[in-house]
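Everything on this sheet refers to the single structure shown next.
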Amino acid sequence: MKHRHLLGLKDYPAADIKTIIDTAFSFKEVLERPIKKVPSLNGKTIVNLFFENSTRTRISFELAQKRLSADTVNFSASTSSLKKGETFKDTAQNLEAMKIDAVVMRHPTPGAALHLTKHIDAIIINAGDGTHEHPTQAILDMTSLHEKFGYLEGLKIAIIGDISHSRVALSNIYGLKTMGAEVTLCGPATLIPPFIEDLGVSVNYNVDEVIEWADALNVLRIQRERMRGGLLPSIREYRNLFGITTERLSKHKKELVIMHPGPMNRGVEIDSAVADSDQAIILNQVLNGVASRMAILYLLLGGKFEEGKD
Amino acid sequence: MNFSKLKKQVILKGGKILDPLANTIKKGDILIQEGKIKAIGKVKSNKSVQTIDCKNLIVTHGFCDLHAHFREPGREDKETLESGSMAALAGGFTRVCVMPNTNPPIDSPEVIRYIVDRSDECPVYIHPIGAITKGQEGKELTEMGAMLAEGAVAFSDDGLPVTDSAMMRNALDYGTMFDIPIINHAEDLCLKQDGVMHEGIVSTNLGLLSSPDLTESNMVHRDLSLTNLTGGRLHVPHVSSAKSLDHIRFSKKNNDKITAEVTPHHLFFTDNDLQGFDTNLKVAPPIRTIADQKALVKAVKDCTLDCIATDHAPHTIEEKEGTFDLAPFGMIGLESCFGAVNKVLVKENDMDQLSLIQMLTTKPRAIMGFNNKLFDIGVNAELTIIDPKEEWVFSRKDIQSRSHNSPFIGQNMYGRIKYTINKGHISVI
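Read top to bottom, the protein sequences are chains W and Y. Residues 348 to 657 in my numbering are what the first sequence spells out, letter by letter. Residues 23 to 451 in my numbering are what the second sequence spells out, letter by letter.
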């Protein structure tokens, strides 16, 4: 592995992404066994440092750590205690003083994971830094796509919904482009970031055209509070223009894989019937999340780094 | 930096005397007696006279900064008038205008008086810029007449834009009675929202909230139009975008009451430098694209921009060590100014040395109506001595400010201040 930390997928080497995905498949086999635990990280201590609420990402990491026999500690800080900048540094240095091996961090601010690397020596895994990156989610998404299709290069992936506020979208864009997939973004113009096409992706506001083009749809969560910011007129309008509804999909006679990073707003960005249909791999994503995170932890905490790198 | 009293007689020997007012560069000596210019030309030295060898150095007017934050009163943990003065001297500045966003704000004749009295004790000439509105709240005009009588030199709600167009019009109108510059920090806060950097591919890369260049240029355009309407004087601070420059260039054709400044950091950095989330590069207005940076250099050369101003804005290490969203806007800039602008403008963009020094001396002084005849016999020596070609790396030990929030640390500089002479003292840098 080239990098010591996993902060984001921007400029992350394709070979390392491939290694993680391959390793994730091996761990997925472990997860199918009656005894789902391996001793790989026995004696390693990992802190799950969550400055922002998260249920599924934290549980997924925790399970991955337990399956690898690591010792884990969970630390949840409310965002209100974060208002003083020093809290972050103090928290980090306190952790460091307790001799830990790695930190998995979720934080509301872009750049927080990189910031943490400046304060402590432990290996840092970014579990989401604000609207910046969520690399482990993108890796589990790619693992799921690879599992479904057998390859990533040339796949046509549409990411649908609120791109501006999505760390999932940005990490997916970086990862998928590195792995040779094509990416089209689809969502309200107010929720598409400026200059995003410079990252080598397409933008198309016509969801029917996008469905016709795509091999898989990655449907993102729409947050109701975006309406208050003047970014969305109503949920009804959103569903009419971008909703992945049974009705809309039935117009397109084609095979299509449906993904969602969760948590879903059933009836908003995606219909229940679609989410529960055979073409949805949403629950596979959840299991692959554990396997992918096992792979990442195993490779970063147990693996060797190339000399002189990062 | 070594700061000490000037000896009774001092000779600056064999320097290149760059007179930004007369537009000349001549080799010669300067005799300073009891803090005043006594003779210029060929001066005989004797044993009792302190001689400073100025061979290969430029001797010129002390620099004048129209835009600094010395945080006093209220945030003396960040900077005081004394510590700010030392930072100024380290950067070759002998005269500094301080912004009113203190606590309490400089919005009354009493606070102006306080700054003027306090600055008497400081080794740099400090001029307060008064607030345009009481409490910088944008609602009621301050007592500009009384504040001017106490020593205010201009008015600004700096840090906070005058959002209400009627209020800005009133300020410009009212200011015409005194012919003083009105300085408005131009950022449309509605468009800015919670933006912490320039909107572009880099902000998209970083996932940071951002605001487009129009955030600045729309308000600059409004202010220029109001200046034409009222006949007032407008000084546009820290211009950062190409679009603002277009508006300023156009308006200046028919209105000589418009001036504008640029900071070293907007000339030196681009938004690409924010890739590492360095909070020291979080400033308002934000560091913009390479195209904007090039436009600023061009505007310096074609005189759309009149002067360099540092926007020296000290913040504590605790504040700047936080995460990007929580860190305050601003960086210090006095100490690193010359090495940065001389590198960008003279070394990399072929500007002539004299024109650059005018942007640090005569041009800012003219905007504020300060005395520009600094080489006249009998005036208080207010001089800066520069090695224009020294290559060096800016480091923490070069900082005299109480705060260290500088992204210039570690950057290569070109040209260095060697001595600053002011108020009967000499700083050896």
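Just so it is clear, CB atoms sit at the ideal spot from N, CA and C, and this is done for glycine as well.
Range covered by the alpha helix (DSSP H) that runs through residue i
{"i": "Y:K316", "result": "312-323"}
{"i": "W:K365", "result": "361-379"}
{"i": "Y:N294", "result": "Careful: Y:N294 lies outside any alpha helix (DSSP H) and carries neither H nor E."}
{"i": "Y:H243", "result": "236-252"}
{"i": "Y:T73", "result": "Per DSSP, Y:T73 belongs to no alpha helix (DSSP H); it is in the beta strand (DSSP E), 72-75."}
{"i": "Y:M166", "result": "166-172"}
{"i": "W:N519", "result": "514-525"}
{"i": "Y:E101", "result": "Segment: none, Y:E101 is in no alpha helix (DSSP H) and carries neither H nor E."}
Cutoff 9 Å: residue i Cβ touching any chain Y Cβ
{"i": "W:K357", "result": "yes"}
{"i": "W:I543", "result": "yes"}
{"i": "W:A459", "result": "yes"}
{"i": "W:H493", "result": "no"}
{"i": "W:D468", "result": "no"}
{"i": "W:K375", "result": "no"}
{"i": "W:L442", "result": "no"}
{"i": "W:R514", "result": "yes"}
{"i": "W:E480", "result": "yes"}
{"i": "W:E653", "result": "Only weak support is given to the placement of W:E653: the predicted model assigns it a pLDDT of 44, under 50, and the value that follows is read from those uncertain coordinates. So no, W:E653 is outside the interface."}
{"i": "W:P381", "result": "no"}
{"i": "W:D657", "result": "Bear in mind that a pLDDT of 42 at W:D657, under 50, signals an unreliable position, so the model cannot answer this."}
{"i": "W:D476", "result": "yes"}
{"i": "W:P455", "result": "yes"}
Check whether residue i and residue j have beta carbons under 9 Å apart
{"i": "Y:G157", "j": "Y:A176", "result": "no"}
{"i": "W:V637", "j": "W:L396", "result": "no"}
{"i": "W:M526", "j": "W:L499", "result": "yes"}
{"i": "Y:P127", "j": "Y:V118", "result": "no"}
{"i": "Y:L79", "j": "Y:G37", "result": "yes"}
{"i": "Y:A174", "j": "Y:T332", "result": "no"}
{"i": "Y:N302", "j": "Y:V224", "result": "no"}
{"i": "Y:V284", "j": "Y:I330", "result": "yes"}
{"i": "Y:S449", "j": "Y:P145", "result": "yes"}
{"i": "Y:L267", "j": "Y:T326", "result": "yes"}
{"i": "W:V394", "j": "W:T419", "result": "yes"}
{"i": "W:L546", "j": "W:E529", "result": "no"}
{"i": "Y:F416", "j": "Y:I399", "result": "no"}
Closer than 9 Å to chain W by CB, residue i
{"i": "Y:F346", "result": "yes"}
{"i": "Y:P307", "result": "no"}
{"i": "Y:T226", "result": "yes"}
{"i": "Y:F115", "result": "no"}
{"i": "Y:G361", "result": "no"}
{"i": "Y:L213", "result": "no"}
{"i": "Y:F299", "result": "yes"}
{"i": "Y:S262", "result": "no"}
{"i": "Y:G222", "result": "yes"}
{"i": "Y:P429", "result": "no"}
{"i": "Y:P183", "result": "no"}
{"i": "Y:S425", "result": "no"}
For residue i: DSSP bridge partner residues
{"i": "Y:Q55", "result": "Y:Q31, Y:K58"}
{"i": "W:V420", "result": "W:V394"}
{"i": "W:A449", "result": "W:I393, W:I470"}
{"i": "Y:C150", "result": "Strictly speaking, residue 150 of chain Y in this sequence is Pro, with Cys absent from that position. According to DSSP, which records beta bridges pairwise, Y:P150 is partnered with Y:V120."}
{"i": "Y:E357", "result": "Answer is none; Y:E357 lacks a bridge partner."}
{"i": "Y:D179", "result": "Answer is none; Y:D179 lacks a bridge partner."}
{"i": "Y:P203", "result": "Y:R255"}
{"i": "Y:H89", "result": "The partner list for Y:H89 (beta bridge, DSSP) is empty, contrary to what the question assumes."}
{"i": "Y:L79", "result": "None, per the DSSP bridge assignment."}
{"i": "Y:N24", "result": "Y:V450"}
{"i": "W:M489", "result": "Paired residue(s): none; W:M489 is not in a bridge."}
{"i": "W:V550", "result": "W:L532"}
{"i": "Y:T46", "result": "Y:D41"}
Integer Cβ distance of residue i from residue j, believed to fall under 8 Å
{"i": "W:P455", "j": "Y:T226", "result": "About 18 Å; that fails the 8 Å criterion."}
{"i": "W:A469", "j": "W:D448", "result": "6 Å"}
{"i": "W:V604", "j": "W:I507", "result": "About 13 Å; that fails the 8 Å criterion."}
{"i": "Y:Q422", "j": "Y:M23", "result": "6 Å"}
{"i": "Y:T252", "j": "Y:L194", "result": "4 Å"}
{"i": "Y:T442", "j": "Y:T116", "result": "6 Å"}
{"i": "W:F542", "j": "Y:G222", "result": "6 Å"}
{"i": "W:V615", "j": "W:I569", "result": "5 Å"}
The beta strand (DSSP E) enclosing residue i, as first and last residue numbers
{"i": "W:K503", "result": "503-507"}
{"i": "W:V604", "result": "604-606"}
{"i": "Y:M435", "result": "434-444"}
{"i": "Y:K411", "result": "405-415"}
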